[in-house]
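Structure representation (C-alpha cells):
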C-alpha cells in the first residue's frame, strides 16, 4: 500500500512555482511586490471618487477611472479601500480591472511606449518593432523595466493608419517607424530623463 | 401551459420552462457542461445547442424558454457535429491528464468526450501555465484544468456569498482566481468546498490526504481511530451502487475496520454530546442571560469561518461548543486513552466528513489541541473515503453489518439528524424541552424546521415559553437572518430569535462540499430522508438519554458546563481581520 502514499507531492512543488510566477509570465495583471507594499494612500481621494459616482449606474468603472487618474494604475491597497468605501466585493473590482485593457495593476513607466498592432501597422511591420523594443528593453509586452523608466504595451489602432507603422511614446506619435529608429527613440527618452 | 414539439413529440410545459427542462419530460437528455441544476443558466459552454424546425440558427437549450408552437430538434447529424467541435475546442485548452487526475472516471468533460467518441486531438493544444494553489490545505485549485464554465464562481459569489473566487481577464486568458491572483488561503474563502462539489472537471479538488492515512494505518506504533459524520452514511453508498439516502452505517463500520482502524467510533456520539452541552447553554442563556440570545449554532466550520470574517459582531452569540468530531477527537485522546491505557501521543484520530472545511478546522487554533495533542489528526471527505474503500479492494455492498466500538460509538436518533439542515435545531429542542419542562414531547418531530427552504422561521412552544427559531442553510441565506438580529440590536430592541441554526452548505451536511458529486435538491432530500429514517428507527431519540453520554459525564466529565467540559469540549472565537467581500 505504500504506493498510495504521496498523492500530494505534485501539489506541494507547485507552491514554489507560484512564487516564481509573480512578476514574470503572467506579467501585466499579476501583483508585483512593490505593488503589495504601497502604504501611502490618500483615503480622501477614494472617498471623493466613491461619493461622486455612488448612486449612478456603471459606477465601478467610473470610480476606477478616477482612481487610475490619481495613481496611474490601481494599487491593491486602493482596490481594498475602494471595496470598503463603495461596498463592492474585491473580487468584482478585480474582475473589472482585468477585463478592461485600460486598467493597470502595475505602476506605469516614466515613458509609456505603445506599439500599434492594428491591421495597417501590423502589415507594415509592427511585430518587428515590437520585437526590437522587447530585445532592447529586455521586457515583455505589458511589463515595465526594472528602473521604472519604460513600460511597453501593444495596442490596437491609434487612428492614424496613414502613418503606419506607428509607435506612441507618452501619447506622442512617431510615424513610419523603422526597426533602426527604435534605438533613437529610446535614447531620446533617456536624454530627456537626464536633463 | 405552453404547447410545443420536441423531435416530433408533442408536449405541454409550464410557461418559462427552458428547452432543456422540457426535453427531460420526453426522455431526452441534452448534453450540458456549464448548466447545473442548482444554478441559473449562464450559456457558457455551448454544448446544449438545438435547432428550431425551419430555422438555421442554433439556440442554447439551457437558457431558451419554450414558446407556444415551437418545434425543436435536439439531435441531427449537424447538431452532433457542432457539439463535437465544441468539445474538441474545450479539449484543446484542457490538459490531457485524465489518468493522473482526481476526477478520472467521474469528470463531466471526460464523460462527454467519451459519449461523443472523441478519439483524436483535432486542434492544437494551448495550455495556460498557471500554477496550482493548495494554500488552504482543504481545496486545491488547478486553473489549468478549468473550462471556464463559471459554476464555481457563481457558487462562491451568489450561492455562498463569499466572493473568494472570480474570473480574471477575458476571452482566451480567462481564469479562475481569488481577487488579484492572491492565494486562496489569503482570500475570504471559508473552505466550504461547494466549488469542488460543483466543478465539472478536476480544476477544484479536495486536498487529498488518503496517502497520509494509508501510511499511518501501516505504522505499527500508531493506534488509528476513525469516526464517521452523520451525513457520510447516507451518501457514500452512491459510489457503490446504492441509491442516494441508503443508510450504510454498519457496512461502513465493517469497511473501516477492515482497512485497519483499531477503533471505529461515530461522530453521532459527538453530536449527542454537542446537544447536551448546547441545550444546557441555550437553557442557561434563555433563563439567565437573555442578552446573549439568540444562541447561534457553531458545528459548521465553514460557517464559523464566515462569521469570524463577516459577522464578527456576532461572536458573543455563538455557541461555544466545539463541533462533534472535535469532541470525539478530544475524548479519544483523553477518556478513551485512559480507559484503554493507551499513550495518547500514539493515537491517531481520523474523521470522515462530508466536508472540506473540517480539514481546516482540525488545526484552526490552540483549542483544537485540548487533549495535549492535535485532537483530530486528519479529516477526510466522503469522496476520499470512497476512494480508499475501492483502493483496499473491499466489496462494499456485500460487507456484513457490524457495530461501532464502545464508549464513543453509540448514538441516539437526535445525533444522526445533525447532517441535515434543521437537524441540530431539532435535536437541541428535544433536549432543551426536557430540561425546561422536565417532561417528554408528544411528538419529537419538529416538521417546521425540516425541508430545503433557504430560511425557515418558527415559534416552538417549550412549556410555558415560546422559543423563536430560525434555520438558514447556504451562506447567502444567512444575511437575511443576521441582519434582522443586527437591526434589532442597533435599535435596542429584543432580537427576533432565541435560537439560530446555520449550516454553510445548501441542505446542510448532506449536501456538503466533500460529498459524492451530482448533488441536486432531490439528492439532498433523499440523503436527508435516510437520516430521518435512521432517527425514527432509534429507540432513543433524545441526545441526553444516550446511555454512553450519561456514562461519560458520570465517569469522566462531571456535570455539563463544568471546567473539564469547558477545556475539552468548548472553544472560543475571534473576529478575523476584515477582508471585504
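Chains as they are written, first to last, in the working numbering: chain A, 437 to 631; chain B, 614 to 1194. Backbone N, C-alpha and C define an ideal beta-carbon position, used for all residues, glycine too. Keep in mind the model is a prediction, meaning the values are calculated, not measured.
Per DSSP, which residues does residue i bridge with? Please list them.
{"i": "residue 966/B", "result": "994/B"}
{"i": "residue 1074/B", "result": "1079/B"}
{"i": "residue 579/A", "result": "In DSSP, residue 579/A forms no bridge with anything."}
{"i": "residue 608/A", "result": "605/A"}
{"i": "residue 616/B", "result": "625/B"}
{"i": "residue 695/B", "result": "None, per the DSSP bridge assignment."}
{"i": "residue 1131/B", "result": "Paired residue(s): none; residue 1131/B is not in a bridge."}
{"i": "residue 678/B", "result": "631/B"}
{"i": "residue 819/B", "result": "752/B"}
Output needed for residue i: all residues of its chain with C-beta closer than 7 Å, excluding positions within five of it in sequence on either side, in chain order.
{"i": "residue 656/B", "result": "673, 675, 676"}
{"i": "residue 465/A", "result": "Caution applies to residue 465/A, whose pLDDT of 35 falls short of 50 and renders its modelled position unreliable; the model cannot decide the point."}
{"i": "residue 762/B", "result": "646, 647, 657, 658, 813"}
{"i": "residue 796/B", "result": "746, 748"}
{"i": "residue 1013/B", "result": "867"}
{"i": "residue 590/A", "result": "551, 553, 566, 577"}
{"i": "residue 861/B", "result": "846, 849, 850, 855"}
{"i": "residue 629/B", "result": "678"}
{"i": "residue 927/B", "result": "909, 920, 1095"}
{"i": "residue 907/B", "result": "930, 1098, 1108, 1110, 1111, 1112, 1113"}
{"i": "residue 834/B", "result": "959"}
{"i": "residue 807/B", "result": "768, 772, 773, 1118, 1126"}
Grab me the residues of residue i's own chain with a C-beta within less than 6 Å of its C-beta, minus the 5 sequence neighbours each way, in chain order.
{"i": "residue 1057/B", "result": "1043, 1154"}
{"i": "residue 618/B", "result": "684"}
{"i": "residue 1175/B", "result": "none"}
{"i": "residue 1114/B", "result": "910, 1037, 1038, 1084"}
{"i": "residue 893/B", "result": "1173, 1174"}
{"i": "residue 630/A", "result": "none"}
{"i": "residue 936/B", "result": "912"}
{"i": "residue 714/B", "result": "815"}
{"i": "residue 457/A", "result": "Confidence at residue 457/A is low in this model, with a pLDDT of 29, below 50, so its placement is unreliable and no value can be given for it."}
The alpha helix (DSSP H) that contains residue i, what's its start and end?
{"i": "residue 726/B", "result": "721 to 728"}
{"i": "residue 664/B", "result": "First-last for residue 664/B: 662 to 665, but that is the beta strand (DSSP E), not the alpha helix (DSSP H)."}
{"i": "residue 520/A", "result": "512 to 522"}
{"i": "residue 503/A", "result": "495 to 507"}
{"i": "residue 625/A", "result": "617 to 630"}
{"i": "residue 765/B", "result": "764 to 767"}
On the DSSP letters alone, give me the boundaries of the beta strand (DSSP E) that residue i sits inside.
{"i": "residue 539/A", "result": "It is not in any beta strand (DSSP E) - residue 539/A carries neither H nor E in the DSSP assignment."}
{"i": "residue 941/B", "result": "Looking at the DSSP string, residue 941/B is not in any beta strand (DSSP E); the run it does join, the alpha helix (DSSP H), is 937 to 944."}
{"i": "residue 837/B", "result": "836 to 841"}
{"i": "residue 1116/B", "result": "1112 to 1116"}
{"i": "residue 891/B", "result": "Here residue 891/B belongs to no beta strand (DSSP E); instead the alpha helix (DSSP H) covers 880 to 900."}
{"i": "residue 1169/B", "result": "Counting along the chain, residue 1169/B falls outside any beta strand (DSSP E), and DSSP gives it neither H nor E."}
{"i": "residue 752/B", "result": "752 to 754"}
{"i": "residue 482/A", "result": "Unbroken run through residue 482/A is the alpha helix (DSSP H), 479 to 489; no beta strand (DSSP E)."}
{"i": "residue 550/A", "result": "547 to 552"}
Hey, would you say residue i sits closer than 9 Å to residue j, going by beta carbons?
{"i": "residue 526/A", "j": "residue 792/B", "result": "yes"}
{"i": "residue 810/B", "j": "residue 1127/B", "result": "yes"}
{"i": "residue 876/B", "j": "residue 839/B", "result": "yes"}
{"i": "residue 705/B", "j": "residue 734/B", "result": "yes"}
{"i": "residue 994/B", "j": "residue 1144/B", "result": "no"}
{"i": "residue 719/B", "j": "residue 1130/B", "result": "yes"}
{"i": "residue 1076/B", "j": "residue 1049/B", "result": "yes"}
{"i": "residue 977/B", "j": "residue 925/B", "result": "no"}
{"i": "residue 882/B", "j": "residue 1021/B", "result": "yes"}
{"i": "residue 980/B", "j": "residue 1133/B", "result": "no"}
{"i": "residue 543/A", "j": "residue 595/A", "result": "no"}
{"i": "residue 964/B", "j": "residue 904/B", "result": "no"}
{"i": "residue 639/B", "j": "residue 662/B", "result": "no"}
{"i": "residue 1001/B", "j": "residue 753/B", "result": "no"}
Note down, in chain order, each residue of its chain lying with its Cβ closer than 8 Å to the Cβ of residue i, except the 5 sequence neighbours on either side.
{"i": "residue 1149/B", "result": "1026"}
{"i": "residue 775/B", "result": "769, 801, 802, 803, 805, 919, 1088, 1194"}
- Residues of the region 821 to 847 of chain B with a CB closer than 7 Å to any CB of chain A: list them in chain order, please. 821, 823, 824, 827, 828, 831
- Query: Mind listing which residues of the region 902 to 929 of chain B have their C-beta closer than 7 Å to chain A's C-betas, in chain order?
  - Reply: Against chain A - using a Cβ distance shorter than 7 Å - the region 902 to 929 of chain B contributes no residues.
- Quick one, which residues of the region 542 to 573 of chain A are near chain B if we go by CB-CB under 8 Å, in chain order? Within the region 542 to 573 of chain A, not one residue has a Cβ closer than 8 Å to any Cβ of chain B.
- Message: At a CB distance below 9 Å, what residues from the region 758 to 772 of chain B approach chain A? Give them in sequence order.
- Response: 766, 769, 770
- Residues, ordered as in the chain, of the region 792 to 814 of chain B that lie near chain A by beta-carbon distance below 7 Å: 792, 793, 794
- Please list the residues of the region 1071 to 1105 of chain B that have a C-beta atom closer than 9 Å to any C-beta atom in chain A, keeping them in chain order. none
- Message: Closer than 8 Å between beta carbons: that is the criterion. Which residues of the region 491 to 514 of chain A meet it against chain B?
- Response: 512
- Using a beta-carbon distance cut-off of less than 9 Å, what residues from the region 518 to 529 of chain A approach chain B? 519, 520, 523, 524, 525, 526, 527, 528, 529
- Task: Could you run through the region 996 to 1011 of chain B and flag, in chain order, every residue whose CB is less than 7 Å away from some CB of chain A?
- Result: 1004
- Message: Please list, in chain order, the residues of the region 775 to 789 of chain B that have any C-beta partner in chain E closer than 8 Å.
- Response: Absence of chain E from the displayed structure is noted, the protein chains being A and B.
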